[in-house]
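> With the sequence shown counted from 1, adding 7 to any position gets you the numbering used here.
Just so it is clear, CB atoms sit at the ideal spot from N, CA and C, and this is done for glycine as well.
Pasting a structure here, questions to come.
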Amino acid sequence: MANVITLARIALIIPFVALFMASAPWNMMAAFAVFVLASLTDFVDGRVARARGKVSALGAAIDPLADKLLITAALILLVRNGVIGGAGVIAALAIILREILVSGLREAVAARGGALPVTRLAKWKTAAQIIAAGLLLATAPQGLIGAEFRPFGVGALWLAAILTIWTGAAYSVGAIRLLSGRKD
Numbered sequence: 008m009a010n011v012i013t014l015a016r017i018a019l020i021i022p023f024v025a026l027f028m029a030s031a032p033w034n035m036m037a038a039f040a041v042f043v044l045a046s047l048t049d050f051v052d053g054r055v056a057r058a059r060g061k062v063s064a065l066g067a068a069i070d071p072l073a074d075k076l077l078i079t080a081a082l083i084l085l086v087r088n089g090v091i092g093g094a095g096v097i098a099a100l101a102i103i104l105r106e107i108l109v110s111g112l113r114e115a116v117a118a119r120g121g122a123l124p125v126t127r128l129a130k131w132k133t134a135a136q137i138i139a140a141g142l143l144l145a146t147a148p149q150g151l152i153g154a155e156f157r158p159f160g161v162g163a164l165w166l167a168a169i170l171t172i173w174t175g176a177a178y179s180v181g182a183i184r185l186l187s188g189r190k191d
């Protein structure tokens, strides 16, 4: 059941993008609603798996991937329509590049029989990314709230970027230790 919820989060990216790209006065509010629904599945799937005692390797693999896909889609679209602009593009790029880096490091470590477990700070990072993207979606043209609230979304984006870089550095150090066989 939990894996189905996670797969639903991935599937919801398609209507999210379609609604975001639609040319209608209601499109951004609808895209925001789908984004919120997809984001909520992130909090539900893990709880369902733990409550049922069915934490699986598949779930552990696709849950963070689903998060990365949803956030990356949102950030790219927000850059595309100019909600994220200027220096904010650097924050969005830092988030996307870190997510790719850590995914690659996890794959390399797993190929050697190791693991980079998700940290508590990384969970906060994901929450910060979701909140930032949600706020920015809400302040987009034809969004739920006005553009005057966009500085809150931009601030949240930078907070998410800082947490993302911080956790990315920690995972990189751990991966280097595991891949080089060092114990220090």
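Can you list, in chain order, the stretches of the alpha helix (DSSP H) that have 4 or more residues and sit fully within the region 90-139?
95-118
> Threshold first: 4 residues or longer. Then list the alpha helix (DSSP H) segments lying entirely within the region 34-90, N to C.
Fully contained in the region 34-90 are the following alpha helix (DSSP H) runs of length 4 or more, in chain order: 34-59 and 64-87.
> Can you give me the Cβ contacts of A154 inside the same chain, cut-off strictly under 6 Å, excluding the 5 residues immediately before and after it?
The residue given as residue 154 occupies position 147 in the sequence shown. Correct list, in chain order: T146.
> Ignore the nearest five residues each way along the sequence and tell me which others in A177's own chain have a CB closer than 6 Å to its CB.
As a working mapping, residue 177 is identified with position 170 in the sequence shown. Scanning its chain for C-beta atoms nearer than 6 Å, with the 5 sequence neighbours on each side dropped, one finds no residue around A177.
> Which same chain residues, not among the five before or five after K130, have their C-beta less than 8 Å away from its C-beta?
For this step, residue 130 is matched to residue 123 along the sequence shown. Cβ within range, chain order: n/a, list empty.
> Is the region 68-79 close to the region 45-56, with three or more CB pairs under 8 Å?
yes
> Could you spell out the range, first to last residue, of the alpha helix (DSSP H) harbouring T171?
Here residue 171 refers to the residue found at position 164 of the sequence shown. First-last of the alpha helix (DSSP H) with T171: R157 to S187.
> Can you name, in chain order, every residue of its own chain whose Cβ lies under 7 Å from the Cβ of L19, other than the five neighbours on each side?
Residue mapping note: residue 19 aligns to position 12 of the sequence shown, counting from 1. For L19, where only same-chain residues beyond five positions count, the Cβ hits under 7 Å are V41, L44 and A45.
> Give a yes or no on whether the C-beta atoms belonging to A163 and L142 are separated by under 8 Å.
Counting from one through the sequence shown, the residue named residue 163 turns up at place 156. Counting from one through the sequence shown, the residue named residue 142 turns up at place 135. Contact: yes.
> Give the secondary structure of I12 by DSSP, where H, G and I count as helix, E and B as strand, and everything else as coil.
Here residue 12 corresponds to residue number 5 of the sequence shown, with the count starting at 1. In the structure shown, I12 sits in a helix (DSSP, three-state: H, G or I).
> Would the beta-carbon of F39 fall within 8 Å of that of L151?
Locating residue 39 in the sequence shown gives position 32, counting from the first residue. Locating residue 151 in the sequence shown gives position 144, counting from the first residue. A contact, by the Cβ cut-off of 8 Å.
> Looking at the secondary structure, which residues open and close the alpha helix (DSSP H) in which P32 lies?
As a working note, residue 32 is residue 25 in the sequence shown. It is not in any alpha helix (DSSP H) - P32 carries neither H nor E in the DSSP assignment.
> Quick one: what does DSSP say L19 is sitting in, helix, strand or coil?
Here residue 19 refers to the residue found at position 12 of the sequence shown. Here L19 sits in coil by DSSP.
> Assuming K149 and M35 make a contact with CB atoms under 8 Å, what is their CB distance in whole Å?
The residue labelled residue 149 in the question sits at position 142 within the sequence shown. The residue labelled residue 35 in the question sits at position 28 within the sequence shown. The amino acid at residue 149 is misidentified as Lys; the sequence shows Gln. Q149 to M35, Cβ: 4 Å. Contact.
> Determine the contact status of M8 and R57, defining contact as a CB-CB distance below 8 Å.
Position 1 of the sequence shown, counted from the start, is the residue given in the question as residue 8. Position 50 of the sequence shown, counted from the start, is the residue given in the question as residue 57. A distance of 8 Å or more separates the beta carbons of M8 and R57.
> Are G53 and N10 closer than 8 Å when you measure CB to CB?
Numbered from 1 along the sequence shown, position 46 holds the residue referred to as residue 53. Numbered from 1 along the sequence shown, position 3 holds the residue referred to as residue 10. Contact flag unset, no.
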